[in-house]
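Quick note, the sequence shown lines up with residues 1 to 132 if you use UniProt numbering.
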Amino acid sequence: MSATDTIRRYFDAFNAKDTEAMLACLDAEVAHHVNEGQVRTGKTKFAEFCAHMSHCYDENLTDMVVFEAEGGTRAAAEYTVNGTYLATDDGLPAANGQTYRLPAGSFFTLKDDKITRVVTYYNLADWIRQVG
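The structure is reproduced here in structure tokens:
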């Protein structure tokens, strides 16, 4: 399986709101670098993050473009996040069903068809402006 195939499976699972299928794409010790946050290590921490995000946000990714480096150990994706802010997240503006649309990207390291590192980026100031 190519890195592109793995990344597409991961994002298809995200859009389907299927955390278990996302976890199946990850290495047991995945390093998850979230935007404006700490690195979380392991599938358990990743699943906890997903549960929190599903409580606060309803998101769907569109305009997906996946890039793969030679050798298949690195990949990146650029996409648009289309979301609804469902429940107030700590330290952020109050939620009341605001919608938002953000350009975003993710960077990946892969080994043996599993994602070992995920780095996600979006412009937090733009998001705050849209929901504030």
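Glycine included, every Cβ here is placed at the ideal spot set by N, Cα and C. Computed from a predicted structure; not experimentally measured.
Three-way DSSP call (helix, strand, coil) for residue i in this model
i	result
residue 64	strand
residue 137	Outside the shown range of the chain (1 to 132) lies residue 137, about which nothing can therefore be said.
residue 73	coil
residue 23	helix
residue 6	helix
residue 12	helix
residue 1	coil
residue 95	coil
Buried versus exposed, by CB contacts within 10 Å (16 or more), residue i
i	result
residue 91	exposed
residue 133	Given a span of 1 to 132 for the chain in the structure shown, any question on residue 133 remains unanswerable.
residue 83	buried
residue 7	buried
residue 2	exposed
residue 48	exposed
residue 115	buried
Any non-hydrogen atom of the ligand GTP within 8 Å of residue i CB
i	result
residue 111	For the ligand GTP, the structure offers nothing, since it holds no ligand at all.
Of the residues the options, the one placed nearest residue i, counting alpha carbons only
i	options	result
residue 34	52, 25 and 2	52
residue 88	2, 54 and 19	54
residue 103	60, 71 and 115	60
residue 122	67, 132, 81 and 25	81
residue 97	47, 31, 19 and 130	130
residue 66	58, 46, 29 and 11	11
residue 108	17, 24, 100 and 119	119
Sequence-distant residues of the same chain with beta carbon closer than 8 Å to residue i, five excluded per side
i	result
residue 111	27 and 73
Residue i - partner residues in DSSP beta bridges
i	result
residue 110	115
residue 83	59 and 100
residue 105	78 and 121
residue 40	32
Close beta carbons around residue i, own chain, < 6 Å, minus the five adjacent residues each side
i	result
residue 36	124
residue 21	13
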